[in-house]
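Engineer:
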Amino acid sequence: MTNRTAQLQRATSESSIELSLDLDGTGASDIHTSVPFYDHLLTAFAKHSLTDLTVRASGDTDIDVHHTVEDVAIVLGQAIRKALGDKDGISRYGDALVPLDEALVQAVVDISGRPYLVHGGEPAGFEFHLIGGHFTGSMVRHVFEAIAFNAGLTVHVTVVGGRDPHHIAEAEFKAFARAFRQAKALDPLVSGIPSTKGAL
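So in my numbering, spot 25 of the sequence shown is number 25, and the numbers just go up one at a time.
1) Would the region 185-198 and the region 158-169 be scored as touching if the rule is three or more Cβ pairs under 8 angstroms?
2) Between the C-alpha atoms of F128 and Y116, what's the straight-line distance to the nearest angstrom?
3) Going by beta carbon distance, what residues of the same chain come within less than 7 angstroms of K87, once the five residues before and after it are set aside?
4) Leaving out five residues before and five after E119 in sequence, what residues of the same chain have Cβ atoms less than 7 angstroms from its Cβ?
5) Beta-carbon separation of L19 and L76 under 8 angstroms?
6) Would DSSP call P99 helix, strand or coil?
7) Per DSSP, G94 is paired with what?
8) From the DSSP secondary-structure annotation, give me the bridge partner or partners of I74.
9) Just list the residues that DSSP pairs Q7 with in beta bridges.
10) When DSSP labels each residue in this structure, what does I193 get in the three-state scheme?
11) Alpha carbon to alpha carbon, how far is T12 from L189?
12) Might you give, ordered along the chain, the residues of its own chain that have their beta carbon closer than 6 angstroms to the beta carbon of A96, omitting 5 neighbours on each side?
13) Taking the Cβ atom as the reference point for each residue, do H67 and G59 lie within a distance shorter than 8 angstroms?
14) Rounded to whole angstroms, what is the Cα-Cα separation between D22 and H40?
15) With Y38 and F135 assumed to form a contact (beta carbons below 8 angstroms), what rounded beta-carbon distance in angstroms separates them?
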């Protein structure tokens with residue numbers, strides 16, 4: 001089996017990013033995006049997806065965190081796609097239902113090669129809430145969009161319930177991580193590409 005790893009860099013006038021990952025890791029992470037709550041969310045993603053993840057990012061956060069957060073998600077999606085390779089032997093599908101105190105989130109992932117995001121259930125006003133004083137709730141959807149579209153994933157994330165914005169956002173990332181963990185896993189019963197088309 002080839003190593004399912006990737007190392008990517010991206011530099012624009014808005015951000016500079018260096019990212020490496022190992023899909024067959026233990027969940028170890030070393031993440032510094034200059035956006036503390038985003039570091040927290042990506043650390044949770046790495047831990048619960050068993051993906052080793054290192055991120056170094058800086059950007060024009062004096063204007064807004066949007067560019068840095070979205071650009072890191074773009075590179076993360078690209079790295080996932082690269083590390084998956086031809087997707088030989090993967091489980092392909094994953095689903096998870098994850099609580100965090102009062103919050104409950106369901107996530108379903110299909111490593112389909114067809115980018116698509118269905119995202120809903122966040123309470124009214126969540127998108128405007130500043131979590132940690134700097135991370136706007138609306139960025140959660142932006143991150144999932146960027147990952148899904150750049151990794152070639154079909155992703156459904158549904159907030160079943162919740163009140164605290166921190167809990168809701170973290171539960172979304174943990175549910176996505178657990179679903180992705182199942183989907184990327186190598187299944188000993190799968191021979192070749194898990195698609196009737198022969199490609200994903």
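The beta-carbon is built from N, C-alpha and C at its ideal position, and this holds for glycine as well.
Structural biologist: Taking the coordinates as given:
1) Output reads no: the region 158-169 does not touch the region 185-198.
2) By 1-based counting over the sequence shown, the position of residue 128 is 128. By 1-based counting over the sequence shown, the position of residue 116 is 116. Here the alpha carbons of Y116 and F128 stand approximately 24 angstroms from one another.
3) On the sequence shown, position 87 is the one that residue 87 refers to. Cβ within range, chain order: I111, I193, L200.
4) Here residue 119 is taken as the residue at index 119 of the sequence shown, counted from 1. The amino acid occupying residue 119 in the given sequence is His; Glu does not appear at that position. The answer, listed in chain order, is R141, F144, V157.
5) Indexing the sequence shown from 1 puts residue 19 at position 19. Indexing the sequence shown from 1 puts residue 76 at position 76. Contact annotation: L19 and L76 have beta-carbon atoms nearer than 8 angstroms.
6) By 1-based counting over the sequence shown, the position of residue 99 is 99. The answer is strand: DSSP assigns P99 an E or B state.
7) What you label residue 94 is simply residue 94 of the sequence shown in a count that begins at 1. Beta-bridge partners of G94 (DSSP): V109.
8) Walking along the sequence shown from the start, residue 74 turns up at place 74. BP columns for I74 are empty, so no partner.
9) In the sequence shown, residue 7 corresponds to position 7, counting from 1. Q7 pairs with S20.
10) Position 193 of the sequence shown holds residue 193. Residue state, collapsed to three classes: coil.
11) Translated into the one-based positions of the sequence shown, residue 12 becomes position 12. Translated into the one-based positions of the sequence shown, residue 189 becomes position 189. Looking at the backbone, the Cα of T12 and that of L189 are separated by about 43 angstroms.
12) Numbered from its first residue, the sequence shown carries residue 96 at position 96. Around A96, the same chain offers A107, A175, R178, A179 as residues with beta carbons nearer than 6 angstroms, after the five sequence neighbours per side are excluded.
13) Within the sequence shown, numbered from 1, the residue matching residue 67 stands at position 67. Within the sequence shown, numbered from 1, the residue matching residue 59 stands at position 59. Contact flag set, yes.
14) Position 22 of the sequence shown, counting from 1, holds the residue named residue 22. Position 40 of the sequence shown, counting from 1, holds the residue named residue 40. D22 and H40 have their C-alpha atoms some 19 angstroms from each other.
15) On the sequence shown, position 38 is the one that residue 38 refers to. On the sequence shown, position 135 is the one that residue 135 refers to. Rounded to the nearest angstrom, the Cβ distance from Y38 to F135 is 6 angstroms, consistent with a contact under 8 angstroms.
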